[in-house]
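Asks: One structure is given below, represented as structure tokens, and several questions about it will come after.
There are 2 protein chains.
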Amino acid sequence: QPDWAATDPEMNAFIDDLMGQMTLQEKIGQLTLLTSDWESTGPTMRDTYQADIRAGRVGSIFNAYTADYTRQLQELAVEGTRLKIPLLFGYDVIHGHRTIFPISLGEAASWDMDAIERSARVSAAEASSEGIHWTFSPMVDIARDARWGRISEGAGEDVYLGSQVARARVRGYQGDDLGAVDTVLATAKHFAAYGAAQAGRDYHTVDISERTLRDVYLPPFKAAVDEGVATFMTSFNEYNGVPASGSRYLLTDVLRDQWGFDGFVVTDYTSINEMIPHGYSRDLQQAGEQALNAGVDMDMQGAVFMEHLKQSIDAGTASQADIDQAVRRILEMKYRLGLFEDPYRYSDNARQDATLYKPEFLEAARDVARKSMVLLKNEGNTLPLVAGAKNIALIGPLADSKADMIGSWAAAGDRQTRPVTILEGMRQRAGEGTRINYVKGASYEFASSGSTDGFAEAVAAAEQADVVVAVMGEKWDMTGEAASRTALDLPGNQQALLERLVATGKPVVLVVLSGRPNSIGWADDNVEAILHAWYPGTMGGHAVADVLFGDYNPSGKLPVTFPLTVGQEPLHYDMKNTGRPYSADNPQQKYLSRYLNTPNDPLYRFGYGLSYTNFSYSPVTLSNPTLSANGSLTASATITNTGDRAGAEVVQMYVRDLVGSVTRPVQELKGFEKVILQPGESRTVSFRIEPKDLAFTRADMSHGWEPGEFNLWIAPSSGLEASAPVTFNLTE
Amino acid sequence: QPDWAATDPEMNAFIDDLMGQMTLQEKIGQLTLLTSDWESTGPTMRDTYQADIRAGRVGSIFNAYTADYTRQLQELAVEGTRLKIPLLFGYDVIHGHRTIFPISLGEAASWDMDAIERSARVSAAEASSEGIHWTFSPMVDIARDARWGRISEGAGEDVYLGSQVARARVRGYQGDDLGAVDTVLATAKHFAAYGAAQAGRDYHTVDISERTLRDVYLPPFKAAVDEGVATFMTSFNEYNGVPASGSRYLLTDVLRDQWGFDGFVVTDYTSINEMIPHGYSRDLQQAGEQALNAGVDMDMQGAVFMEHLKQSIDAGTASQADIDQAVRRILEMKYRLGLFEDPYRYSDNARQDATLYKPEFLEAARDVARKSMVLLKNEGNTLPLVAGAKNIALIGPLADSKADMIGSWAAAGDRQTRPVTILEGMRQRAGEGTRINYVKGASYEFASSGSTDGFAEAVAAAEQADVVVAVMGEKWDMTGEAASRTALDLPGNQQALLERLVATGKPVVLVVLSGRPNSIGWADDNVEAILHAWYPGTMGGHAVADVLFGDYNPSGKLPVTFPLTVGQEPLHYDMKNTGRPYSADNPQQKYLSRYLNTPNDPLYRFGYGLSYTNFSYSPVTLSNPTLSANGSLTASATITNTGDRAGAEVVQMYVRDLVGSVTRPVQELKGFEKVILQPGESRTVSFRIEPKDLAFTRADMSHGWEPGEFNLWIAPSSGLEASAPVTFNLTE
């Protein structure tokens, strides 16, 4: 139980008293969340929300911020309603509020939980200073399909890394005290299995086994509960034939009964209404009943509870007790935020002015951005750019685009003026003696495919340069919600231009800005260096310059597998071995699990990333070859910086359970540590393993471990060949 | 219960007596199936099988045929062993034995159950005349991913069509009497869900819900049981974490306890052994125990039972009763085949000579082949080729390739001399007055990509022609087992040549030979006509000529969805609606389930196919707007041939259950009828619907229907826009 869930007799008495005064309609109002008219992300928009506030028909508002505006709306609730219940203000603060950090997937690539927590903490400080109490973040959906646009918004494909990132984000947003004015309520979303959409198409049908739900998709949600997350958001997809907002299995059996979650559950945008097109509800009234009965506490934007729940109570098809339970959960959160003490305590102009865009926040954004970048290739130490590179051709549609720097879901982030572009960052860093000749050269718009507009100028610039830096990738809104693709290539005519640039014979550095893994195999074969920079945020241009010029030695590792081609998707490192595994030992053998035309292997593995220095790994040593039921063991390896500059390395520990009552993945990440090593320095990194770390959903659907042999790797990336495993035995 | 499963006291007494004499090792021998040294499809090959036969260590042999050779091996068993138990001879007779019919997927495209049954009957006649008792066919795996190579070997993506085809094939192979010497035992394979391999990669992990298993993957197997199929084969994949050959849930709970299957279960090739790489078994002894305990009766080629089961009995980790049960099931089949009466009754040289390649069999193969072909495009009635087309350029690597005509898994089919190529078929049909100028022009080999070898000659031929017939597609072994692809385009340099041919301005007819849906959107946009001919078999060249020259009016309809691009896979028509369905009404709306760069719609829908004539559909009439629990209703539409030549139309009936306790597909095929109509002729086609036809796996996992509204279409293809639905109400 988190601190905030501790029994509070004073709170209970206050809420008992308040609920004793509430009419059914006022109660239903507390279950209703509506958007202000600032923004919308779905099909329904109610412009009568101000009247609804005054009438007590709405208890929470989203897409409203600034101290002034939230105060103004709060006045409508507190002064305009009978019971003066304050509003709760929610907002999509996803990777920064005003100061925008790298997209969530990029942050995960840092494998730096302190940095990720710091990012969330800064976001909370900024958002709360503008009157926001609650962010619809973190998204903790595991994503194993690069086609899915929202892969950009999570922490990638891995259960363990995803769970750690979920915890760091919840800690960052909520801090130690929900009532502190510089923290916000976090939301674990989207519950559940949203990332498993068929063919990577957003909102599409999910069909997975319960075992995979439990072992892959649920653990980051459970981690968020363990970290004390205050709220949950349902997902748009169905699970086992039932839309998540109508799933009593997910919202009650798992979330409440098995996990003991004490906060409240909000739907995603109009997802109760969407149970009709899903074919699960005859009409809105039934949809509302199904959602309430399943365990939904708050209806986001659908106005289904608002307009139909009273009829259901009158008809006896919904339970007053369920409504009371939901109202109580929501009022408890308002109480814990201190809103009944002072409804305006978050809406403070002076704090707002002192908080937004604080220099230390901008510096944090720059720091997280460079920590998020992943060096994918660096042939002949092309990077960092040497001092002799006095003439740099900077080419590509993403090299000088403010709008793109902050990616999608950038909340209240400024897309026009604040973001530092890569051109700006590089020019500032390079100084007077270096010429940076910028040519856009190509376009990422799909429609530009086939066009050679701008190529001539770009090629001319390249021909005159010492080195070409091509900044290519996807437009900011090609990932995120409702932004799925069936191809993973560089969109538009970028690939064609890249080929022309390579043809000049000049060294080419490719900087990729994107929210998903792209199939950049040609680039990997043909350019000298590749830096994946995600969408690096407000300070992104500086951060890219820090890395390109060597002021920061890149240390990011991929939180997702990069496929060779979209036809390999879904693709992830923690797959099963199958009965006929492909082996490099017999590449010509036909009857193996393989493709005719493409390797099984990805372009870049999960956990992969280079540095400007090199690290060597010693063999792994185990404290004991046997792990007993109540014991633990320690696995250690010594990592040495064998290069000539300091660098950080994400040391990763993987295990494989060789035989199980059900088949087990070929590797599972079970630990990691990011170490900073000076040139020549060695450090022994140790991981402690207990049997519970090796638990999974067994054949009988119980959760636990099984005795037997395990392989264990300590390695710089996933991959069975990344290093030799050691073996231990887990005994009863 | 099929006839053969009726109680037979005489048989029981015979087997009781025989089993009373058998040692444990002799019993285990009956559970063992080994290959002769003719062919192999997997990693293990035992060259000691003749010694094994003499020692009674093997009860069945596969990959052995001809009357002489099977007689010779049978003599080893009958004269060389103590108990003289005859061998059972199995073989992969998949789409013909000597006379090769179109690949199985192609046959399904005929939607002609009589034709499909006839194909299996011919196969049985030929195979049994060479001493074969048992075919490892039909494969009834639903396949919804065109990447998967074995999509070619089944009946496509649809549950209903797949079930009908499964029944037709079982009827065709087994006939009315297992003991008739011209029938063979059929095998329903691969049990189960083999087609759901992740990312379409053969043998890869399957992860689906139990609901999808039951509603999508199992029904064709249940249909095979209902038709009396004699044997089942396990699949290579896992289901719910357990390899199918170790799945007691599949092999006992479902197959025996729920379905009452009375035949025997054989594994796929070495699939018991493969439970070790799966990570399900520690060693072969455990694997054997797990397989036996799950419900496996016969071990194909793994020799696991042979080498380890006695130890398991000695150790008390396997049950003598399980072994006895399996032995009995196998001996029963040998008894029913009449082998105890006359072990050589199938090995009859005279019958063999009189049977193979009978003219009527070849004619049947030609007939099924033309019925299987699907006309995908025919702009301006480019087809049939008019008499005035005196100069035809016939181009492409598949236009004159005997080896490719018969596709993969062509059993004892001759790949060198017998197959009639398209060049041969067209030349013979066209006669003297027409010049058919054949140029290979391109290659389907992956390695030829980028090469323009042969293009010049092909383009020159095209320029001199009245019409170009390009025969392109995939090499015969690019589908089938272990033949998955990550791309669905025309392999090699065929697409590039096709573009050159189109650029000549001559009308281009594309004939596609392939075992999977290919992403031929460019062709659809740019050539005049497209005929999909699958791999049409021994008589394929004549059949293609029949269609191209208009001697046969094409009537096939696609049994699988053809995607626009591989990035849409898995793709099938019977998807769920989702909560945010894309609608053509609001193409610019963002927050819908769609891709940024590609439509959701496929290139060609399931059920689609053109004719040289046209058909119109009347609105649907219902006998009653309400269907009661014990009643039925009839849906009718009148189909009219509005063109000027006779043709056959596959009239399809789809339903949608609008609201369910779980979400339901947007359409489900529930009936079809192939009607032949003369020019101007009308026919009213009626479908009877009972509540049981509308059953599915409900929320509580029970199988049954639910009351409510249904949409119903009678239409020329799947697709919500193919025609307007009518609505009926199913009442309690």
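Chains as they are written, first to last, in the working numbering: chain L, 30 to 761; chain B, 30 to 761.
By construction, the Cβ of each residue, glycine as well, lies at the ideal position given by its N, Cα and C atoms.
(1) Taking 8 Å as the threshold, find out whether the region 176 to 194 of chain L comes into contact with the region 587 to 603 of chain L through three or more Cβ pairs.
(2) Just checking: is the beta-carbon of Tyr246 of chain L within a distance shorter than 9 Å of some beta-carbon in chain B?
(3) Identify the contact partners of Ala222 of chain B in chain L, using a Cβ-Cβ distance below 8 Å as the criterion.
(4) Should His732 of chain L be labelled buried (16 or more other beta-carbon atoms within 10 Å of its own) or exposed?
(5) For Phe165 of chain B, which residues in chain L fall below 7 Å Cβ to Cβ?
(6) Ends of the beta strand (DSSP E) at Lys721 of chain L?
(7) Go ahead and pull the three-state DSSP assignment for Lys406 of chain B.
(8) Taking C-beta pairs closer than 8 Å, name the residues in chain B that His307 of chain L reaches, listed in chain order.
(9) Scan the region 271 to 333 of chain B and note each continuous beta strand (DSSP E) run of 3 residues or more that stays entirely inside, going in chain order.
(10) Quick check: what's the CA-CA separation for Val403 of chain L versus Gly462 of chain L?
(11) Quick check on Pro72 of chain B: does DSSP put it in helix, strand or coil?
(12) Does the separation of the CB atoms of Gly308 of chain L and Arg693 of chain B fall below 9 Å?
(13) Can you check whether the C-beta of Asn241 of chain L is within less than 9 Å of a C-beta belonging to chain B?
(14) Go to Leu706 of chain L, then tell me how far its alpha helix (DSSP H) extends in each direction, as first and last residue.
(15) Which runs of the beta strand (DSSP E), 3 residues or longer, sit entirely within the region 202 to 226 of chain B?
(16) Can you confirm whether the region 709 to 724 of chain B touches the region 208 to 217 of chain B when touching is taken to mean that 3 or more C-beta pairs between the two stretches lie within less than 8 Å?
(17) Of the choices L:Leu368, L:Ala459, L:Ala532, whose alpha-carbon is the least far from that of Ala491 of chain L?
(18) Can you find at least 3 beta carbon pairs, one from the region 87 to 101 of chain B and one from the region 47 to 67 of chain B, that sit closer than 8 Å?
(19) Tell me which residues of the region 587 to 605 of chain L have at least one Cβ-Cβ distance to chain B shorter than 7 Å, keeping chain order.
(20) Could you run through the region 261 to 277 of chain B and flag, in chain order, every residue whose CB is less than 7 Å away from some CB of chain L?
(21) Please report the distance separating the alpha-carbon of Thr73 of chain L from that of Asp255 of chain L.
(22) Classify Lys113 of chain L: buried if its beta carbon has 16 or more other beta carbons within 10 angstroms, exposed otherwise.
(23) In chain L, what lies closer than 8 Å to Val688 of chain B by C-beta?
(24) Using 9 Å as the threshold, is the C-beta distance between Gln195 of chain L and Pro249 of chain L below it?
(25) Cutting at 7 Å between CB atoms, please list the residues of its own chain near Gly71 of chain L, excluding the five before and the five after it.
(26) Check for me: the alpha helix (DSSP H) holding Met362 of chain B runs from which residue to which?
(27) Looking at C-alpha atoms only, which residue of L:Leu391, L:Val649, L:Thr164 is the closest neighbour of Met682 of chain L?
(28) Have a look at Val488 of chain L and Asn522 of chain L and give me their C-alpha separation to the nearest angstrom.
(29) The alpha helix (DSSP H) that contains Asn378 of chain B, what's its start and end?
(30) Nearest CA to the CA of Leu284 of chain B: which residue from B:Tyr641, B:Arg712, B:Gly324?
(31) Less than 8 Å between the CB atoms is what I'm expecting for Val258 of chain B and Val295 of chain B, so what's the real figure, rounded?
(32) In chain B, which residues lie less than 9 Å from Thr303 of chain L when you measure between Cβ atoms?
(33) How long is the line joining the alpha carbons of Leu706 of chain L and Ala558 of chain L, rounded to whole angstroms?
(34) Whether or not the region 667 to 682 of chain B and the region 640 to 658 of chain B are in contact is what I'm after, with contact meaning three or more pairs of Cβ atoms, one per stretch, closer than 8 Å; do they touch?
(35) Return the bridge partner residues of Glu267 of chain L from the DSSP annotation.
(36) Can you give me the start and stop residues for the beta strand (DSSP E) that His561 of chain B sits inside?
Replies: In this structure, then:
(1) yes
(2) Stepping through the first sequence from its first residue, residue 246 of chain L is reached at position 217. Judged by the 9 Å Cβ criterion, Tyr246 of chain L is not in contact with chain B.
(3) For the purposes of this step, residue 222 of chain B is taken as residue 193 along the second sequence, with counting starting at 1. Chain L residues near Ala222 of chain B: none, gap ~11 Å exceeds 8 Å.
(4) Here residue 732 of chain L corresponds to residue number 703 of the first sequence, with the count starting at 1. His732 of chain L should be labelled exposed.
(5) The residue you call residue 165 of chain B lines up with position 136 of the second sequence. Simply none; closest approach about 15 Å.
(6) The residue given as residue 721 of chain L occupies position 692 in the first sequence. No beta strand (DSSP E) holds Lys721 of chain L; DSSP gives it neither H nor E.
(7) Your numbering for residue 406 of chain B matches position 377 in the second sequence. It is a strand residue.
(8) The residue given as residue 307 of chain L occupies position 278 in the first sequence. Per Cβ cutoff of 8 Å: Lys605, Asn606, Thr607, Gly608, Thr692.
(9) 293 to 295
(10) As a first step, residue 403 of chain L must be located in the first sequence, where it is residue number 374. As a first step, residue 462 of chain L must be located in the first sequence, where it is residue number 433. Going from the Cα of Val403 of chain L to the Cα of Gly462 of chain L covers about 28 Å.
(11) Here residue 72 of chain B refers to the residue found at position 43 when the second sequence is read from its first residue. Per-residue confidence for Pro72 of chain B stands at a pLDDT of 42, beneath the threshold of 50, marking its modelled position as unreliable; the derived number appears in the next sentence. Here Pro72 of chain B sits in coil by DSSP.
(12) Looking up residue 308 of chain L in the first sequence gives position 279. Looking up residue 693 of chain B in the second sequence gives position 664. Yes. Within cutoff.
(13) Position 212 of the first sequence, counted from the start, is the residue given in the question as residue 241 of chain L. Strictly speaking, residue 241 of chain L in this sequence is Thr, with Asn absent from that position. Yes, Thr241 of chain L counts as interfacial toward chain B.
(14) As a working mapping, residue 706 of chain L is identified with position 677 in the first sequence. From DSSP, Leu706 of chain L is part of no alpha helix (DSSP H) but of the beta strand (DSSP E) over 697 to 706.
(15) 216 to 220
(16) no
(17) The count along the first sequence starts at 1 and reaches residue 491 of chain L at position 462. If we check each option's Cα against that of Ala491 of chain L, L:Ala532 comes out closest.
(18) yes
(19) Thr594, Val595, Gly596, Gln597, Glu598, Pro599, Leu600, Met604, Lys605
(20) Phe265, Glu267, Asn269, Gly270, Val271, Pro272
(21) The count along the first sequence starts at 1 and reaches residue 73 of chain L at position 44. The count along the first sequence starts at 1 and reaches residue 255 of chain L at position 226. Legend: pLDDT at Thr73 of chain L = 44, less than 50; position of this residue unreliable, value from coordinates given subsequently. Answer to the nearest angstrom: the Cα atoms are 34 Å apart.
(22) Here residue 113 of chain L corresponds to residue number 84 of the first sequence, with the count starting at 1. By the 10 Å Cβ count, Lys113 of chain L comes out exposed.
(23) Here residue 688 of chain B corresponds to residue number 659 of the second sequence, with the count starting at 1. The contacting residues are Gly308, Tyr309, Ser310, Arg311.
(24) For the purposes of this step, residue 195 of chain L is taken as the residue at position 166 of the first sequence. For the purposes of this step, residue 249 of chain L is taken as the residue at position 220 of the first sequence. According to the sequence displayed, residue 195 of chain L carries Ala and not Gln. Yes, these two residues count as a Cβ contact at 9 Å.
(25) Along the first sequence, one-based indexing puts residue 71 of chain L at 42. Residue placement at Gly71 of chain L is flagged as unreliable, the pLDDT there being 44, under the threshold of 50; the coordinate-derived value follows with that caveat. The answer, listed in chain order, is Tyr298, Thr299, Gln330.
(26) Within the second sequence, numbered from 1, the residue matching residue 362 of chain B stands at position 333. Taken as a continuous stretch (DSSP letters only), the alpha helix (DSSP H) holding Met362 of chain B covers 349 to 365.
(27) Counting from 1 along the first sequence, the entry for residue 682 of chain L is found at position 653. Of L:Leu391, L:Val649, L:Thr164, the residue nearest in Cα terms is L:Val649.
(28) Reading the first sequence from its first residue, position 459 is the one you call residue 488 of chain L. Reading the first sequence from its first residue, position 493 is the one you call residue 522 of chain L. Spanning the two alpha carbons is a distance of roughly 14 Å.
(29) Here residue 378 of chain B refers to the residue found at position 349 of the second sequence. Unbroken alpha helix (DSSP H) run through Asn378 of chain B: 378 to 384.
(30) Here the question's residue 284 of chain B lines up with position 255 in the second sequence. By alpha-carbon distance to Leu284 of chain B, the top candidate from B:Tyr641, B:Arg712, B:Gly324 is B:Gly324.
(31) Counting from one through the second sequence, the residue named residue 258 of chain B turns up at place 229. Counting from one through the second sequence, the residue named residue 295 of chain B turns up at place 266. Val258 of chain B to Val295 of chain B, Cβ: 12 Å. No contact.
(32) For this step, residue 303 of chain L is matched to residue 274 along the first sequence. Per the sequence presented here, residue 303 of chain L reads as Glu, with Thr not at that position. Thr607, Gly608, Arg609, listed in chain order.
(33) Along the first sequence, one-based indexing puts residue 706 of chain L at 677. Along the first sequence, one-based indexing puts residue 558 of chain L at 529. Those two C-alpha atoms are separated by around 23 Å.
(34) Touching, yes.
(35) As a position in the first sequence, residue 267 of chain L is number 238, starting the count at 1. According to DSSP, Glu267 of chain L bridges with L:Pro272.
(36) Translated into the one-based positions of the second sequence, residue 561 of chain B becomes position 532. Here the beta strand (DSSP E) through His561 of chain B covers 558 to 561.
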